[in-house]
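Undergrad:
There are 2 protein chains.
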Amino acid sequence: MASISNEPRPLDAVELRAWRGLLRAHGLLVKRLDAELEAEHGLPLTSYEVLVHLADTDGGKMRMCDVAESVLLSRSGLTRLVDRLERDGYVERVSCADDARGAYARLTDAGRAKVEAASTTHLEGIRAHFLAHFSPSELALLAEAWERVAAAAPAPGAPACSA
Amino acid sequence: MASISNEPRPLDAVELRAWRGLLRAHGLLVKRLDAELEAEHGLPLTSYEVLVHLADTDGGKMRMCDVAESVLLSRSGLTRLVDRLERDGYVERVSCADDARGAYARLTDAGRAKVEAASTTHLEGIRAHFLAHFSPSELALLAEAWERVAAAAPAPGAPACSA
DNA sequence: CGTCGATGATTGCGTGTGCAACAATGGCGG
DNA sequence: CCGCCATTGTTGCACACGCAATCATCGACG
C-alpha cells in the first residue's frame, strides 16, 4: 500500500463511508439481532455468544478466561455473565483438576437446548439482515479481511491464557 | 451431535468467518481506537463521535435527537453525554427559535479545537488498524455494502425527528 | 380557539461492564 | 525447598447506557 505520511489529511468519501458504515451497520445489526433474541428467547446477544462458543467445543466447556477472550469481555464481566447463565441453569461451573485456580464454564443440557433453539432464529436474522447483502465472493473477501484486521489488533496484553 | 431436523442449515465456514469476524474485528477496533483516543486526548470514542458529527455540519450545531440517531444512542443517553461534553466545555446547548421543545448541541471553539486535535491521531488509527487492511476497491465495496445493510435495518420506530 | 395525540428533551431507576484490589494457586529460579 | 512473580477468578466501586415516566411544546382537527 502507499506509504502513509503522518499528515492528518481527512478521509476521502469512500474511506469515510467504509469506516462509518462499519460502525453504523454493526450497531444496527447488533441492536436488531439482540432485540430479536431477547424477544423470542429472553436471551441477550452476549449471553447467546457465550453459549455458542461453549457449544462449539468438545464437552461444551471452556476455561473462564478463554470464554472472556472469545467474546471480548473482561474477566469480571464474564464472571457476572456466567453468574446469570448459571442462575438460569444454562451453564454450570466445574473446577478443573489440573489447575486449582481455574474454572470451567460447562453447558448444561438446558443450555444446549437453549442455544439450539435460539440458533434457529438467530441464524435467520444473520442471513436476513447481514449475509443477504453480500455475494458469496464478497463474503469470502470479508472473511479474509477480518482475519487480517484481527491479526493486527491483538487483544491488549493477553495472548490468551490457554495460548 | 444431536440430530435436529427443523434447524436451518448452519452457517458454512465462510459465512461464519464473515459474521464472527465482523463482531470480533469491530470489537477489537473500537476498543483499540477508544483506548488511543482516551490515552492521548482524554476523550472517549463516543464523545469524539458526537463532536465529529457536530463539526461536519454548518454552524457546528445539531438537534439533540439527530445527534442521538447519528451515533446510535438513546435520547437519554445523549442527554447525559452532552452533559459531560458541556461540563468539559466542548459543546453548549442552545435553544432553537422555531421549536421551543428542541435544543441544539453546538460545538464551542474549544470543542472544535479538541476534535481537530483528536482527529489527527484518530485518523491515523483508523488508517493503521482498519483501512490498511483493505484495497481501494475493497473499500468501495464495503462502503456500498454497509449502505445496503443500513438501509434494510432502519432505526427501530424512528425515521428520525428531522426527517 | 380549545383539545388531543405526537414529539423533543430530561430525570429516576435498573443493569451490564471495566478497572483496581484481592485471595488462591501455578511455575520458576535460587 | 522456599520465595517471588504471573495468572485465574471473584468482588467493590464507578460509570455509561436504555427504558419508562414526565413535562413542555408542536401540529392538526373539530
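Chains as they are written, first to last, in my numbering: chain A, 24 to 186; chain B, 24 to 186. Yeah, the Cβ is synthetic: ideal placement off N, Cα and C, and Gly gets one too.
#1: Excluding the 5 residues flanking Tyr71 (chain B) on each side, which residues of the same chain have their C-beta closer than 6 angstroms to its C-beta?
#2: At what residues does the alpha helix (DSSP H) containing Arg21 (chain B) begin and finish?
#3: Name, please, each residue of chain A whose Cβ falls closer than 8 angstroms to the Cβ of His152 (chain B).
#4: If distances are taken between C-alpha atoms only, which option among A:Glu38, A:Leu52, A:Pro33 and A:Leu39 comes closest to Ala173 (chain B)?
#5: So, under 8 angstroms CB-CB, Ala126 (chain A) and Cys119 (chain A) are touching, yes? Tell me the CB distance rounded to an integer number of Å.
#6: If you reduce the DSSP assignment to three classes, tell me which class Ser118 (chain B) lands in.
#7: Is Arg86 (chain A) helix, strand or coil by DSSP?
#8: Give the secondary structure of Leu130 (chain A) by DSSP, where H, G and I count as helix, E and B as strand, and everything else as coil.
#9: Just mark Arg55 (chain A) as buried or exposed, buried being the case when its beta carbon has 16 or more other beta carbons within 10 Å.
#10: If Leu104 (chain B) sits next to Leu95 (chain B), beta carbons under 8 angstroms apart, how far is it from one beta carbon to the other, in whole angstroms?
#11: Could you give the first and the last residue of the continuous alpha helix (DSSP H) run that contains Leu56 (chain B)?
#12: To which residues of the same chain is Leu64 (chain A) closer than 6 angstroms at the C-beta, ignoring the five residues directly before and after it?
#13: Please name the residue, chosen from B:Met87, B:Asp106 and B:Leu108, that lies closest to Arg98 (chain B) on a Cα-to-Cα basis.
#14: Between the segment 158-172 of chain A and the segment 141-158 of chain B, do at least 3 Cβ pairs fall closer than 8 angstroms?
#15: Would you say Arg55 (chain B) faces chain A, with C-beta separation under 8 angstroms as the test?
#16: Just curious, the alpha helix (DSSP H) that Pro159 (chain B) is in, first and last residue?
TA: Judging by the given coordinates:
#1: Closer than 6 angstroms at Cβ, skipping near neighbours: Leu60 and Ala141.
#2: In this structure chain B extends from 24 to 186, so residue 21 (chain B) is not present and cannot be described.
#3: Result: Val172, Ala175 and Ala176.
#4: Comparing Cα positions, the closest option is A:Leu52.
#5: Confirmed, Cβ separation roughly 7 angstroms.
#6: Looking at Ser118 (chain B) - three-state DSSP - the assignment turns out to be strand.
#7: The answer is strand: DSSP assigns Arg86 (chain A) an E or B state.
#8: The answer is strand: DSSP assigns Leu130 (chain A) an E or B state.
#9: Counting Cβ neighbours within 10 Å, Arg55 (chain A) comes out buried, since at least 16 surround it.
#10: About 12 angstroms separates the two Cβ atoms, so there is no contact after all.
#11: It spans Ala36 to His64 - the alpha helix (DSSP H) in which Leu56 (chain B) sits, taken as one unbroken run.
#12: Per the sequence shown, residue 64 (chain A) should be read as His rather than Leu. Once the five neighbours on either side are set aside, the close Cβ partners of His64 (chain A) are Ala141.
#13: Selection B:Met87, B:Asp106 and B:Leu108 evaluated against Arg98 (chain B) yields B:Met87 as nearest (Cα-Cα).
#14: These segments touch.
#15: Yes, because at least one Cβ of chain A sits closer than 8 angstroms to the Cβ of Arg55 (chain B).
#16: Per DSSP, Pro159 (chain B) belongs to the alpha helix (DSSP H) from Pro159 to Ala175.
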